[in-house]
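Engineer: Per our numbering, the very first residue in the sequence shown carries number 2; after that it's consecutive. Submitted below is the structure of interest, expressed as structure tokens.
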Amino acid sequence: MREKLAGRVWTSIERDSRRTRGLSTKVKAAIVGVLVVLVAGGVYVALADKEDIPVIGGALAPSKCPLTGEEPRDEGLLDRPAVAVKIENAPVAYPLSGLEDADVVYEELVEGGVTRFMAIYHCADTPKAGPIRSARVVDASIMLPTTRILAFSGGNEAVLSNLSDNDIVRVDETNAGNAMQRVPREGLATEHTLYGHSGRLRRIGQEEFSETPRTEFDFGSIDDNGRTRPARNVTINFSSSTTVSYEFNGERYARSQAGAPFEAEGHGQVGVENVIVEQHTVNLSEIVDVTGTPSIEIADETGSGRATLFRDGRAIRGTWERENVDDPVVFKTTGGDDMVLAPGTVWIHLVPNPRSEVEGSFDFGR
């Protein structure tokens, strides 16, 4: 009995240590300690994450979701892969569905000055994500640190080739079965009517990719970020035609677009705990759409650039750093420490920097 219990404890510790690989060295040093486990008179010494210390004589303390820093409703959710879903951001298709349930959402600029979302679901799921739209060349780079399962609706030859080159598991209408369905609306074009069930989409992709996400962010107190500035209001200009804003309501940043509340179907205005502006060199691509409009490309998928985290009504300035596309982006404060996010949802905005061929900007204030 003693050996079996010790074995279960060691298995749990090894599993939890794999989940902390993405943490900074400083955070690891702070949270790792020596755990002495007493089992039927025997003494076992093990290394354990202080937040995941087993309870002697009871169930193990729950681990945290790696993308949100929150406790999952069921620990079994931690052992499954994440799934990424491409969702449009066209006012004609409002209200959009499922964004409020995503662990992480990326917003990227596409042709014509509009944006699209990549919603990533791991600990959470939604029965209706969409409208689902086509993929872009930059998508593989965005999702690779987290998952290789992408649900989308088509793409040009260059995009599909790039997805294949990066071993992305493609889930679309040709293989999704009942995981995707059309939901027609009167007066709405067909391309705005495709939706997906994130859990079913994951099950399809999981047949080829089953790795769980690593921890990509540090979560904790805002005081761990050093110097901060007041930032109750944030305005992001992706282009002359797309401006989004956030207002801190005491708990979350409530999103608006084009001066109106940005609402999710059945859930009201979308609110998020962490808003990150990640500035990149965004240029026009040689790839054009059917109307001849150039696509958008990010020239610095790796390297470093400016980044700003907004949480708890405060701004933390710093940088993003990334050595390889398979690596998670690391966010650093101006002091060189890892940025510490608030537990909760994370929305990351890939905004043009001053060196871009495409004009973009952001600002914040009290």
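All residues carry an ideal CB built from backbone N, CA and C; glycine is no exception. From a predicted model like this one, the values you see are computed outputs, not experimental measurements.
List the residues that DSSP assigns as beta-bridge partners of residue 120.
Structural biologist: 86, 106
Engineer: What does DSSP give as the partner residue(s) for residue 256 in the beta ladder?
Structural biologist: 247
Engineer: Among the residues of its own chain, which have a CB less than 6 angstroms from the CB of residue 258, if the five just before and after it don't count?
Structural biologist: 245
Engineer: Under a three-way DSSP split, which group does residue 152 fall into?
Structural biologist: strand
Engineer: Just to confirm the assignment: which complete beta strand (DSSP E) runs, minimum length 3, are found wholly within the region 289-352?
Structural biologist: Every unbroken stretch of the beta strand (DSSP E) spanning 3 or more residues and falling wholly within the region 289-352 is given here in chain order: 295-299, 304-312, 315-323, 331-334.
Engineer: Along the chain, where does the beta strand (DSSP E) containing residue 277 start, and where does it finish?
Structural biologist: 275-281
Engineer: Would you mind stating whether residue 169 and residue 363 have Cβ atoms separated by less than 7 angstroms?
Structural biologist: Going by C-beta atoms, residue 169 is not nearer than 7 angstroms to residue 363.
Engineer: Report the three-state DSSP secondary structure of residue 77 (helix, strand or coil).
Structural biologist: helix
Engineer: Considering only residues of the same chain and omitting the five flanking positions on each side of residue 267, which have a CB-CB separation below 7 angstroms?
Structural biologist: none
Engineer: In angstroms with no decimal places, state the Cα-to-Cα distance between residue 173 and residue 197.
Structural biologist: 9 angstroms
Engineer: For the 8 angstroms Cβ check, are there 3 or more pairs between the region 61-75 and the region 120-134?
Structural biologist: yes
Engineer: If you measure between the beta carbons of residue 133 and residue 78, is that distance less than 7 angstroms?
Structural biologist: no
Engineer: Where does residue 131 fall in DSSP's three states?
Structural biologist: strand
Engineer: For a cutoff of 7 angstroms on Cβ pairs, would you count residue 212 as touching chain D?
Structural biologist: No chain D appears in the structure shown, which is made up of a single protein chain.
Engineer: Roughly how many angstroms separate the alpha carbons of residue 64 and residue 360, rounded to a whole number?
Structural biologist: Straight across, the Cα-Cα distance linking residue 64 with residue 360 is about 42 angstroms.
Engineer: Out of 250, 176, 335, which one is the CA nearest neighbour of residue 234?
Structural biologist: Ranking the options by Cα distance to residue 234, first place goes to 250.
Engineer: Taking C-alpha atoms, which residue in 94, 146, 256, 136 lies nearest to residue 213?
Structural biologist: With distances taken between Cα atoms, residue 213 lies closest to 146.
Engineer: In whole angstroms, give me the CA-to-CA distance for residue 317 and residue 107.
Structural biologist: 19 angstroms
Engineer: Are the Cβ atoms of residue 84 and residue 203 separated by less than 7 angstroms?
Structural biologist: yes
Engineer: Assign residue 175 to one of two classes, buried (16 or more other C-beta atoms within 10 Å of its C-beta) or exposed (fewer than that).
Structural biologist: exposed
Engineer: With H, G and I counted as helix, E and B as strand and the rest as coil, what does DSSP make of residue 139?
Structural biologist: In this structure, DSSP gives residue 139 a state outside helix and strand, which the three-state scheme calls coil.
Engineer: For residue 226, count the other beta carbons within 10 Å of its own beta carbon; 16 or more makes it buried, fewer makes it exposed. Which is it?
Structural biologist: buried
Engineer: Hey, residue 136 and residue 87: beta-carbon distance below 7 angstroms or not?
Structural biologist: Going by beta carbons, residue 136 and residue 87 fall inside the 7 angstroms limit.
Engineer: Please state the DSSP three-state secondary structure of residue 162.
Structural biologist: helix
Engineer: If I'm right that residue 358 touches residue 138 with Cβ under 8 angstroms, what's the distance once you round it to whole angstroms?
Structural biologist: About 16 angstroms separates the two Cβ atoms, so there is no contact after all.
Engineer: In terms of residues, what are the limits of the alpha helix (DSSP H) holding residue 205?
Structural biologist: 199-206
Engineer: Quick one: measure Cβ to Cβ for residue 315 and residue 230, integer angstroms, because I've assumed they're closer than 8 angstroms.
Structural biologist: Contact holds; Cβ gap of about 7 angstroms.
Engineer: Whose C-alpha, out of 300, 344, 285, is nearest the C-alpha of residue 326?
Structural biologist: Considering only alpha carbons, the answer is 300.
Engineer: Please confirm whether residue 341 and residue 219 have their CB atoms less than 7 angstroms apart.
Structural biologist: Yes. Within cutoff.
Engineer: For a test of the three-state rule: what should DSSP assign to residue 264, helix, strand or coil?
Structural biologist: strand
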